[in-house]
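Read the structure below first, then the notes.
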Amino acid sequence: MKTKSLVSISDYSKEDILRILKAAATFKARPNRDLLKGRVCATLFFEPSTRTRLSFETAVNRLRGRIVGFSDASTSSSTKGESLKDTIMMVGNYADLIIMRHHLEGSARYASEVSPVPIINAGDGSNQHPTQTMLDLFTIYETQGRMENLTVTIVGDLKYGRAVHSLIQGLSHFNPSFNFVAPDELKIPDKYKTFCDKLKIPYREFTEFSPEAVNSADILYMTRVQRERFTDLMEYEKVKNIYVLHNEMLNGSKENLKVLHPLPRVKEISQDVDDNPKAYYFQQAENGVYTRQAIICDLLDIPME
Amino acid sequence: MVSIHVRRSSATYWTFQWSECYPKYKQVKKMGKELQVAALKNGTAIDHIPTEELFKVVTLLQLQKLGNRITIGNNLKSNKMGVKGIIKVSDKFFREDEINRIALIAPNVNLNIIRDYEVIEKKKVTLPDEIIEIVRCNNPKCITNNEPMKTRFEVVDKERVVLQCHYCELKITKEEIELK
Chain L
1391 MKTKSLVSIS
1401 DYSKEDILRI
1411 LKAAATFKAR
1421 PNRDLLKGRV
1431 CATLFFEPST
1441 RTRLSFETAV
1451 NRLRGRIVGF
1461 SDASTSSSTK
1471 GESLKDTIMM
1481 VGNYADLIIM
1491 RHHLEGSARY
1501 ASEVSPVPII
1511 NAGDGSNQHP
1521 TQTMLDLFTI
1531 YETQGRMENL
1541 TVTIVGDLKY
1551 GRAVHSLIQG
1561 LSHFNPSFNF
1571 VAPDELKIPD
1581 KYKTFCDKLK
1591 IPYREFTEFS
1601 PEAVNSADIL
1611 YMTRVQRERF
1621 TDLMEYEKVK
1631 NIYVLHNEML
1641 NGSKENLKVL
1651 HPLPRVKEIS
1661 QDVDDNPKAY
1671 YFQQAENGVY
1681 TRQAIICDLL
1691 DIPME
Chain R
692 MVSIHVRRSS
702 ATYWTFQWSE
712 CYPKYKQVKK
722 MGKELQVAAL
732 KNGTAIDHIP
742 TEELFKVVTL
752 LQLQKLGNRI
762 TIGNNLKSNK
772 MGVKGIIKVS
782 DKFFREDEIN
792 RIALIAPNVN
802 LNIIRDYEVI
812 EKKKVTLPDE
822 IIEIVRCNNP
832 KCITNNEPMK
842 TRFEVVDKER
852 VVLQCHYCEL
862 KITKEEIELK
């Protein structure tokens, strides 16, 4: 029998997303429960990660589950040349659920095909990171009280950022409008514009971080512009300070606006924004725990009421 | 063994066993028809192969592993294509999934199924919905290039031949296709 897994945000229908968001809200209200008592969750982090791993482990611990696993591939049997399949088959016989991050793209899909237990993809290279998208969606739902008809401005690296691409996919069920703000080198790939066109999702593209892009938004989703993404370093020097959010830029924004960021933040949000009540990125990271609690219980068919 | 050599063009000679094809040869000559297809007694003739794809078709169909008599012609004159390639395989009738692989690189080829010198069926190749194992993923960071496993692609655009890796989700176009 094929087990349920979460590999890509496209594995979730609109109904699935709404079900998880509602469940995440109940976990936020009451995060400490016995739902995973007697269960073992494996966290296989072939690639290091701080926030994602700690958030998953917190989610499991708060539900009284136990954790086995590794946080660095150098301490795993893959260094001895063991195939991913063999590792997954073995751990699948120990644990009730496998949470994995791997540097190779498609690894989580493959793992889900060979594993006897559900797999949660905690990032496979630059491909998918669906629990990040779910926590972004939950934060949007929580702060706006709705999912439909929101204007979302996404700023920074729209070319390589997998969080951005998955967010566009995840929001596409809810009739959004997008403002894409990025330098030419990092603008949104055509395939996502075609995706929006097909679904009749309106979007505007900006190369300047203009007041219009901020003031029309319900959600301002900031991402990091990384130096190593640029082929032309002169170009990076030109744009590196343009896509930075300062507190005064929020003066004309909507009352309900919330500023989100998948973190880690470097310089793209200046520190003076942190005290603005519209800044919500740390709560967003906290929401990762509740969203992951909901996803884990849903995959294991554990009733959450 | 008596053989007949038929010069089809400046580039290609075809060889047939005299005893086998002589009666049909006479009949075909009388009718003024082309010899190239009728000369096969039983089997499959794959026609209208783009000349540059001919040997890829040979590889895709694994013809080098067959013991059957195989005739390969290339740079033959074609009204439709200018020049073309043809492959004729005696006593071989390919399964749909075998033959549809060709659509990856030569979507417009014609298949002639021949029994007793007659074309009893003409077929077009069609791309399947899914391609397993034949194509390599172009993403070096794809799991399929790093684990001993089969590749798997969904055909997302049959007309333009666009494949998407089932694992890393990379899309590859016809020009980018690399066979395993």
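First to last, the protein sequences are chains L and R. Counting from 1 along the first sequence, just add 1390 to a position and that's the residue number in the working numbering. Counting from 1 along the second sequence, just add 691 to a position and that's the residue number in the working numbering. A virtual CB, placed ideally from N, CA and C, is assigned to each residue, including glycine.
Integer Cβ distance of residue i from residue j, believed to fall under 8 Å
i: V1430/L; j: V1458/L; result: 6 Å
i: K1644/L; j: Y1670/L; result: Contact doesn't hold; Cβ gap of about 14 Å is too wide.
i: V742/R; j: V780/R; result: The sequence as given places Thr at residue 742/R; Val does not occur at that position. The pair is not a contact, with the Cβ atoms about 18 Å apart (cut-off 8 Å).
i: F1570/L; j: Y1593/L; result: 6 Å
i: R1491/L; j: A1512/L; result: 4 Å
Whole-angstrom distance between residue j and residue i, CA atom to CA atom
i: D1514/L; j: I1407/L; result: 21 Å
i: C712/R; j: F785/R; result: For C712/R, the predicted structure reports a pLDDT of 49, less than 50, and the residue's modelled location is therefore unreliable. The matter cannot be settled from this model.
i: R1420/L; j: I1685/L; result: 15 Å
i: R1357/L; j: K1412/L; result: Residue 1357/L is absent from the model: chain L starts at 1391 and stops at 1695.
i: V1397/L; j: T1416/L; result: 24 Å
i: L802/R; j: E812/R; result: 8 Å
i: E787/R; j: D1587/L; result: 36 Å
i: I1632/L; j: P1579/L; result: 20 Å
i: G1482/L; j: D1401/L; result: 21 Å
i: F1528/L; j: A1414/L; result: 7 Å
i: E1658/L; j: Q1518/L; result: 23 Å
i: L1548/L; j: K1581/L; result: 12 Å
i: V728/R; j: I822/R; result: Only weak support is given to the placement of V728/R: the predicted model assigns it a pLDDT of 46, under 50, and the question is left unresolved by the model.
i: T1433/L; j: T1442/L; result: 10 Å
i: P819/R; j: V846/R; result: 7 Å
i: I737/R; j: M772/R; result: 15 Å
i: S1466/L; j: K1394/L; result: 25 Å
i: P831/R; j: I790/R; result: 29 Å
i: N770/R; j: I1510/L; result: 57 Å
i: Q1673/L; j: D1664/L; result: 11 Å
i: E1627/L; j: Y1611/L; result: 22 Å
i: K643/R; j: H1555/L; result: What the structure shows of chain R is the stretch from 692 to 871, and residue 643/R is not part of that stretch, so it cannot be assessed.
i: Y1677/L; j: Q1522/L; result: Sequence check: residue 1677/L is Asn here, not Tyr. If you take the alpha carbons of N1677/L and Q1522/L, they lie about 10 Å apart.
Closer than 7 Å to chain R by CB, residue i
i: G1459/L; result: no
i: L1494/L; result: yes
i: R1552/L; result: no
i: S1497/L; result: yes
i: N1517/L; result: yes
i: Y1500/L; result: yes
Nearest residue (CA-CA) to residue i, options the options
i: L767/R; options: E869/R, I740/R, K756/R; result: I740/R
i: K732/R; options: T750/R, Q755/R, I805/R; result: I805/R
i: G734/R; options: K783/R, T835/R, I763/R; result: K783/R
i: G1546/L; options: S1660/L, A1485/L, K1394/L, V1629/L; result: V1629/L
i: N836/R; options: E1695/L, A1572/L, S1497/L; result: S1497/L
i: R792/R; options: F844/R, E838/R, H857/R; result: F844/R
i: S1567/L; options: M1639/L, V1542/L, L1576/L; result: V1542/L
i: I1609/L; options: F1585/L, Q1534/L, R1552/L; result: Q1534/L
i: A1553/L; options: E1618/L, S1445/L, T1584/L, H1651/L; result: H1651/L
i: T842/R; options: I825/R, V810/R, V853/R; result: I825/R
Next on the checklist: Closer than 9 Å between beta carbons: that is the criterion. Which residues of the stretch 819-839 of chain R meet it against chain L?
Outcome noted: If the cut-off is 9 Å between Cβ atoms, the stretch 819-839 of chain R has C828, N830, K832, C833, I834, T835, N836, N837, E838, P839 near chain L.
Checklist entry - At a Cβ cut of 8 Å, what residues of the stretch 844-871 of chain R count as close to chain L, listed as they run along the chain? => result Within the stretch 844-871 of chain R, the residues whose Cβ lies closer than 8 Å to some Cβ of chain L are C856, H857, Y858, C859, E860, L861, K862, listed in chain order.
Next on the checklist: So if I threshold CB-CB distances at 7 Å, which residues from the stretch 1473-1488 of chain L count as touching chain R?
Outcome noted: S1473, L1474, K1475
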